[in-house]
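Enquirer:
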Amino acid sequence: MIRFVYGADLQNCFIDTSAQIGSGTVIWPGVTIAEGVTIGKNCEIGKGAIIIGKIRIGDNVKIGHGVKITGEGYVGYNSEIGHDIENPKIGGNCKIEGEVIESIIADYCEIGKDAKIKRSTVGSATKAKHKCGIRDADVGCCVNISVDVEILNSDGESKKRTTIGNYVFLGGRIEIIGGITIGDEARISARSLVNEDVSAGTYFVNMTPGARLTTKKDNAAWYLEGNYLKLQCSIGTKYRNLFHTKAFVKCGHNTKTLKEWLKTPIVHMGGRTPIQCIKEEGENTFPCLLDECKCSKPNEKPAAK
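Residues 6 to 310, numbered by the numbering used here, are exactly what the sequence shown covers, in order.
Structural data, given as structure tokens:
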């Protein structure tokens with residue numbers, strides 16, 4: 006059965022008789038649930054929330070006070086919706102605090118306050134921080150979109166769709182011109198104007214106004230097991246893959262162990278973590294980190310002649 010709380014009842018709520026609501030769902034006062042709506046089990050529908058259209062809401066979803074959901078679409082299980090959304094396609098375990106219109110949001114995403122996402126797709130585990138704007142773009146998975154980032158849908162002459170790859174790091178207050186493509190694992194410095202394509206693994210700086218500082222360094226950005234690295238020394242894809250494979254073996258084929266090892270200080274590396282070593286010295290540190298050099302085995306006796 007559904008539960009009415011804080012004085013809610015069928016007198017101060019409108020729930021269409023055709024609406025399907027799962028057991029354990031909590032309804033606050035002033036709620037409107039229109040024809041064609043389906044709500045899962047153990048949800049919470051906040052005070053004054055309005056759900057109109059062919060909307061499917063999964064189990065354990067929380068809809069905030071005053072939120073309006075309209076159109077046709079779905080909200081996945083365990084998600085929290087704190088802002089109006091239109092024609093939603095939102096995956097499970099998402100937290101939506103910004104405006105989402107006619108967009109697809111995959112699982113485990115976070116959309117910050119005052120963010121606006123229109124006619125876009127956002128890959129799984131991507132985080133779009135407060136006050137960012139995404140228009141007519143395809144954004145990959147595990148992308149970090151910092152505060153005040155603007156992904157535009159025009160190059161000044163015509164509307165164009167923008168593409169952001171997987172594992173990309175976008176610093177704060179970046180502006181990306183419509184039609185640009187940014188490759189996987191690229192890192193864009195804060196306050197940059199991105200007015201050209203950025204290839205995979207590139208560290209890009211184009212600070213405005215007047216392009217005071219411009220840098221484009223290939224293979225100088227790396228997404229390594231949840232860490233967005235800015236590299237002082239470039240590392241090519243071949244050596245990255247080789248290091249990752251050997252490190253995974255070293256850590257017993259266990260991803261959790263590998264992530265912990267990457268952040269663990271190593272005595273013979275001066276107390277630095279593997280991540281610090283890689284960021285500062287690049288592939289030159291790989292043999293020492295992987296126990297393939299003499300300094301990593303100080304007590305090993307030389308072979309008898």
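Every residue gets a Cβ at the ideal spot worked out from N, C-alpha and C, and that includes glycine.
Do the CB positions of isoleucine 101 and isoleucine 110 come within less than 9 Å of each other?
Expert: Locating residue 101 in the sequence shown gives position 96, where the first residue counts as 1. Locating residue 110 in the sequence shown gives position 105, where the first residue counts as 1. Cβ distance < 9 Å, so isoleucine 101 and isoleucine 110 count as in contact.
Enquirer: In whole angstroms, give me the CA-to-CA distance for lysine 221 and leucine 175.
Expert: What you label residue 221 is simply residue 216 of the sequence shown in a count that begins at 1. What you label residue 175 is simply residue 170 of the sequence shown in a count that begins at 1. Spanning the two alpha carbons is a distance of roughly 14 Å.
Enquirer: So, at 7 Å on beta carbons, what are the nonlocal neighbours of lysine 268 in its own chain, with the 5 sequence-adjacent residues on each side left out?
Expert: Taking the first residue of the sequence shown as 1, we reach residue 268 at position 263. So the qualifying residues of the chain are Thr278, Ile280.
Enquirer: With a CB to CB cut of under 6 Å and the five nearest residues on each side skipped, what residues in its chain are close to alanine 216?
Expert: Walking along the sequence shown from the start, residue 216 turns up at place 211. In this predicted model, alanine 216 has a pLDDT of only 47, less than 50, meaning its place in the structure is not dependable; the value taken from the coordinates is given anyway. Hits under 6 Å: none found.
Enquirer: Since tryptophan 33 is in the alpha helix (DSSP H), which residue starts that stretch and which ends it?
Expert: Your numbering for residue 33 matches position 28 in the sequence shown. Where tryptophan 33 is concerned, there is no enclosing alpha helix (DSSP H), given that its DSSP letter is neither H nor E.
Enquirer: Using 10 angstroms around the beta-carbon of arginine 245, count the other beta-carbons present and answer buried if the total reaches 16, otherwise exposed.
Expert: Here residue 245 refers to the residue found at position 240 when the sequence shown is read from its first residue. Flag for arginine 245 reads buried.
Enquirer: Could you tell me whether the Cβ atoms of glycine 35 and lysine 52 are closer together than 9 Å?
Expert: Working through the sequence shown from its first residue, we reach residue 35 at position 30. Working through the sequence shown from its first residue, we reach residue 52 at position 47. Yes.
Enquirer: Going by Cα to Cα distance, which pick from Gly81, Lys235, Cys146, Cys293 is closest to glutamate 285?
Expert: Position 280 of the sequence shown, counting from 1, holds the residue named residue 285. Among Gly81, Lys235, Cys146, Cys293, the Cα nearest to that of glutamate 285 belongs to Lys235.
Enquirer: Helix, strand or coil for asparagine 246 per DSSP?
Expert: Taking the sequence shown and counting its residues from 1, the one referred to as residue 246 is at position 241. Helix at asparagine 246.
Enquirer: Give the single residue among Gly76, Lys118, Ala130, Ile122 whose Cα lies nearest to the Cα of glycine 311.
Expert: Past the boundaries of the shown model lies residue 311; the chain is included only from 6 to 310, so the question cannot be answered.
Enquirer: Where does isoleucine 280 sit, in a helix, a strand or coil, going by DSSP?
Expert: Mapped onto the sequence shown, residue 280 falls at position 275. In the structure shown, isoleucine 280 sits in a helix (DSSP, three-state: H, G or I).
Enquirer: Check whether the Cβ atoms of isoleucine 32 and arginine 8 sit closer than 9 Å, and answer yes or no.
Expert: Walking along the sequence shown from the start, residue 32 turns up at place 27. Walking along the sequence shown from the start, residue 8 turns up at place 3. Yes, the Cβ-Cβ distance between isoleucine 32 and arginine 8 is below 9 Å.
Enquirer: Among Glu190, Val199, Ser197, which has the Cα closest to the Cα of aspartate 223?
Expert: Within the sequence shown, residue 223 is the residue found at index 218, counting from 1. Here the closest residue by C-alpha is Glu190.
Enquirer: Going by C-alpha to C-alpha distance, which of Ser151, Gly41, Ala142 sits closest to lysine 165?
Expert: Position 160 of the sequence shown, counting from 1, holds the residue named residue 165. Of the listed residues, the one whose Cα sits closest to lysine 165 is Ala142.
Enquirer: Roughly how many angstroms lie between the CA atoms of isoleucine 182 and isoleucine 139, to the nearest whole one?
Expert: As a working note, residue 182 is residue 177 in the sequence shown. As a working note, residue 139 is residue 134 in the sequence shown. One C-alpha to the other measures close to 11 Å.
Enquirer: Would you grab the beta carbon distance between valine 105 and glycine 128 for me? Rounded to a whole angstrom, and I think it's under 8 Å.
Expert: In the sequence shown, residue 105 corresponds to position 100, counting from 1. In the sequence shown, residue 128 corresponds to position 123, counting from 1. No, valine 105 and glycine 128 are not in contact; Cβ-Cβ is about 15 Å, not under 8 Å.
Enquirer: From which residue to which residue does the alpha helix (DSSP H) around leucine 295 run?
Expert: If you number the sequence shown from 1, residue 295 lands on position 290. Taken as a continuous stretch (DSSP letters only), leucine 295 belongs to no alpha helix (DSSP H), as it is neither H nor E.
Enquirer: Taking Cβ to Cβ, would you say threonine 75 is nearer than 9 Å to isoleucine 60?
Expert: In the sequence shown, counting from the first residue as 1, residue 75 sits at position 70. In the sequence shown, counting from the first residue as 1, residue 60 sits at position 55. Their beta carbons are under 9 Å apart, which means threonine 75 touches isoleucine 60 by this criterion.
Enquirer: When the Cα of glycine 117 is compared with those of Gly81, Glu91, Asn92, Val154, which residue comes out closest?
Expert: Position 112 of the sequence shown, counted from the first residue, corresponds to residue 117. Glycine 117 has its Cα closest to that of Val154, out of Gly81, Glu91, Asn92, Val154.
Enquirer: Quick one: what's got a C-beta closer than 6 Å to cysteine 114's C-beta in the same chain, skipping five residues either side?
Expert: As a position in the sequence shown, residue 114 is number 109, starting the count at 1. The residues are Cys99, Val127, Thr131.
Enquirer: Who are the Cβ neighbours of alanine 54 in its own chain at under 6 Å, not counting the five residues just before and after it?
Expert: Locating residue 54 in the sequence shown gives position 49, counting from the first residue. Hits under 6 Å: Val36, Ile68, Val72.
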